[in-house]
Amino acid sequence: MSPVSPVTPFTVGIEESKLHRLHQKLGLTDFPPELDQADSAYGAPLSDVTRLAKYWKDGFDWRTQEAKLNELPQFTTNITVDGFGELNVHFVHQKSDVANAIPLLFIHGWPGSFIEVTKLLPLLQGSKDEPAFHVVAPSLPNFGFSSRVSKKGFGICQYAEACNKVMLALGYDQYALNKLPRETMPRELKSLKNRKESAVIVSVL
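Counting with this note's numbering, you get residues 3 to 207 for the letters of the sequence shown.
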């Protein structure tokens with residue numbers, strides 16, 4: 003097994019210059035005219051798009067949302083995916099206070115983000131009288147604050163390998179997995195059991 007990379011605390015901190023540039027772009031947007039009697043088959047109504055763009059520019063407070071995100075225990079670690087080199091993966095890692103809590107790998111959807119787990123975290127903490135979980139919710143490569151992949155061919159097998167290696171970096175050689183709309187990812191994760199760098203999926207929730 004290759005050496006385990008260190009796990010580093012992570013804080014969201016978008017540069018002010020990037021927020022300023024975004025506001026400028028929103029202010030300079032030139033919306034096209036809408037077709038007469040256009041319905042939803044032609045896309046979102048122009049009135050909705052302009053209303054949302056105005057709110058995004060003048061009403062949405064990113065710094066407030068950023069502060070909320072930074073209440074989560076976030077980290078990054080470097081992992082190596084076969085054929086794709088080293089990737090930096092961002093993840094939430096909330097540990098339960100309950101002894102013998104079950105490690106749980108929470109994989110977000112496509113498209114989606116680690117934010118999907120936030121409302122579930124208090125419920126997954128558990129207690130001595132109910133199931134409790136150590137929750138790991140990664141930003142998949144190409145999503146959120148994780149590295150983008152620059153080579154073609156990064157698919158389900160590689161996403162599974164990346165997630166598995168994050169769990170191994172945290173010392174979890176057995177873990178549960180959230181149930182996904184498609185069963186492909188669990189299947190690929192289970193297939194890793196025949197490789198040296200693998201953990202054991204104990205259940206799919």
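Don't be surprised by glycine CBs; every beta carbon is placed ideally from N, CA and C. Model, not experiment: these values are computed from the prediction.
Could you tell me which residues DSSP puts in a beta bridge with residue i?
i, result
"glycine 87", "Val83"
"threonine 10", "Thr78"
"phenylalanine 93", "Phe77 and Pro140"
"serine 129", "Glu132"
What is the residue span of the beta strand (DSSP E) that residue i lies within?
i, result
"histidine 136", "135-140"
"alanine 162", "Per DSSP, alanine 162 belongs to no beta strand (DSSP E); it is in the alpha helix (DSSP H), 158-171."
"proline 105", "104-107"
Using a 10 Å radius around the Cβ and a threshold of 16 neighbouring Cβ atoms, would you call residue i buried or exposed?
i, result
"glutamine 96", "buried"
"isoleucine 81", "buried"
"histidine 136", "buried"
"isoleucine 16", "exposed"
"histidine 22", "exposed"
"tyrosine 177", "buried"
"serine 49", "exposed"
"leucine 172", "buried"
"leucine 89", "buried"
"leucine 37", "exposed"
Going by Cα to Cα distance, which pick from the options is closest to residue i?
i, options, result
"tryptophan 58", "Gly128, Thr31, Ser129 and Leu125", "Thr31"
"tyrosine 174", "Ser152, Phe135, Lys130 and Pro105", "Pro105"
"leucine 126", "Ser98, Gly114, Glu68 and Ser149", "Ser98"
"glycine 128", "Asn102, Gln76 and Leu28", "Asn102"
"serine 115", "Pro133, Val138 and Val9", "Val138"
"proline 133", "Leu123, Glu118, Gly29 and Phe93", "Leu123"
"aspartate 131", "Phe86, Ser7 and Val100", "Val100"
"phenylalanine 86", "Val151, Ala171 and Pro11", "Val151"
"lysine 27", "His92, Leu74, Glu88 and Asp60", "Asp60"
"phenylalanine 145", "Ser7, Ala43, Phe93 and Leu37", "Phe93"
"isoleucine 109", "Pro47, Val168, Ala43 and Ser42", "Val168"
Considering just the uninterrupted stretch of the alpha helix (DSSP H) at residue i, what are its terminal residues?
i, result
"glutamine 26", "18-30"
"leucine 37", "First-last for leucine 37: undefined, no H or E at that position."
"proline 124", "123-126"
"tyrosine 177", "Note, tyrosine 177: premise wrong, no alpha helix (DSSP H); beta strand (DSSP E) at 176-179."
"aspartate 60", "48-60"
"threonine 66", "64-71"
In whole angstroms, what separates the C-alpha of residue i from that of residue j?
i, j, result
"glutamate 163", "valine 83", "7 Å"
"asparagine 180", "leucine 107", "7 Å"
"valine 14", "glutamine 39", "43 Å"
"alanine 55", "arginine 65", "18 Å"
"proline 35", "arginine 53", "15 Å"
"phenylalanine 33", "valine 51", "9 Å"
"glycine 45", "tryptophan 112", "20 Å"
"valine 9", "lysine 20", "27 Å"
"proline 11", "asparagine 72", "11 Å"
"leucine 170", "phenylalanine 77", "14 Å"
"proline 75", "glycine 155", "31 Å"
"valine 1", "valine 119", "Outside the modelled stretch of the chain, which goes from 3 to 207, sits residue 1, for which no answer is possible."
"lysine 153", "tyrosine 161", "14 Å"
"glutamate 68", "phenylalanine 62", "12 Å"
"isoleucine 158", "lysine 121", "26 Å"
"threonine 79", "isoleucine 117", "19 Å"
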